[in-house]
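S.K.: Dropping the structure in here first, questions after.
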Amino acid sequence: MTKFARDEFDRVPQSSSRQGVHRLVASASRPALWPVLLLGGIALAVGLVAFLILPKLGFTSSTTPQAAVIADTSKQSPSASAPAQSASASASSPAAGQPSPSDTPSSTPTPTTAPLDKTAVVAVYNGTTTSGLAARVAGVVQGGGWPLSTVANWGGMPQQTSSVFYKGPAQKGNAEALGKLLGIANLVDSAEFQQPVVVILGPGYK
């Protein structure tokens, strides 16, 4: 066996902890736990203060007043809308003491119609040159319900138009009805005739 001179590598302790290529195994470093414990204690203290002391001092959650405001607003909404509805109802209803349009009396005068008395006799005169005209018109008058007194040719002053003469307001209704029946528009209140109603047929009557 070859023998060499001893050097520094030959001096190895018997209980050496070196392994492999003579590297020292670094002892595993343990993390320090005290900073974590300190922060945990501070957080716990802050939580206890916030839970026990702040409510007694009047500090509450910021969401509580908002919820109360919303609830209060919802409670006040019906009461706020009620005056608006009552105001609109009072505006649409008629004012007290004012008569409604149906209660207002109408200012339009009611047309009065003269009484019709078909017991009054009617005289018919022909003031034209048309032969038999008086008899034909007398038949129409009689068919309308009036009795006849005289049917003849007119012997008085020449007439310019056909006319119905009536004696006083009591016979006006008969004159109006005969005028519509015979198509005569000229109605004359006259006391010259003894008959209550006289029909004189003038030129142009057919």
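If you're matching positions, the sequence shown starts at 10 in the numbering used here and goes up one per residue.
Even for Gly, the Cβ is constructed at its ideal location relative to N, Cα and C.
Since this is a predicted model, take the numbers as computed values, not measurements.
Fully enclosed by the stretch 127-189, which beta strand (DSSP E) runs are 3 residues long or longer?
M.R.: 131-135, 157-162, 172-175
S.K.: One question on the structure: do A132 and T170 come within less than 8 Å of each other, judged by their Cβ atoms?
M.R.: no
S.K.: Starting from the Cα of G177, find the closest Cα among G56, Q203, L46 and give me that residue.
M.R.: Q203
S.K.: Taking 6 Å as the limit between beta carbons, can you name the residues of its chain near G153, skipping five residues before and five after?
M.R.: L190
S.K.: For Y175 versus N162, is the C-beta distance shorter than 8 Å?
M.R.: Y175 places its beta carbon 8 Å or farther from that of N162.
S.K.: With 16 as the cutoff for other CB atoms within 10 Å, does G148 come out buried or exposed?
M.R.: exposed
S.K.: With DSSP collapsed to three states, give me the class of I209.
M.R.: strand
S.K.: Going by DSSP, name the residue or residues bridged to L196.
M.R.: V173
S.K.: Please say whether V150 and L187 have beta carbons closer to each other than 8 Å?
M.R.: yes
S.K.: Would K181 pass as a contact of A129 if the rule is Cβ separation under 8 Å?
M.R.: Not a contact, by the Cβ cut-off of 8 Å.
S.K.: Any idea if V206 is buried or exposed, counting beta-carbon neighbours within 10 angstroms, 16 or more meaning buried?
M.R.: buried
S.K.: Look at Y134 and A143 and say whether their C-beta atoms are less than 8 Å apart.
M.R.: When the beta-carbon positions are compared, Y134 and A143 come within less than 8 Å of each other.
S.K.: For the alpha helix (DSSP H) holding A59, just list the boundary residues, first then last.
M.R.: Taken as a continuous stretch (DSSP letters only), the alpha helix (DSSP H) holding A59 covers 43-61.
S.K.: Where does I193 land, buried or exposed, given buried means 16+ other C-beta within 10 angstroms?
M.R.: Its Cβ being crowded by 16 or more others within 10 Å, I193 is buried.
S.K.: What's the gap between the Cα of D213 and the Cα of M166?
M.R.: The sequence shown places Gly at residue 213, rather than the Asp named in the question. If I take the Cα positions, the gap works out to 16 Å.
S.K.: Might you give, ordered along the chain, the residues of its own chain that have their beta carbon closer than 6 Å to the beta carbon of K127, omitting 5 neighbours on each side?
M.R.: G154, W155
S.K.: If you draw a straight line from the alpha carbon of A52 to that of K65, how long is it in whole angstroms?
M.R.: 20 Å
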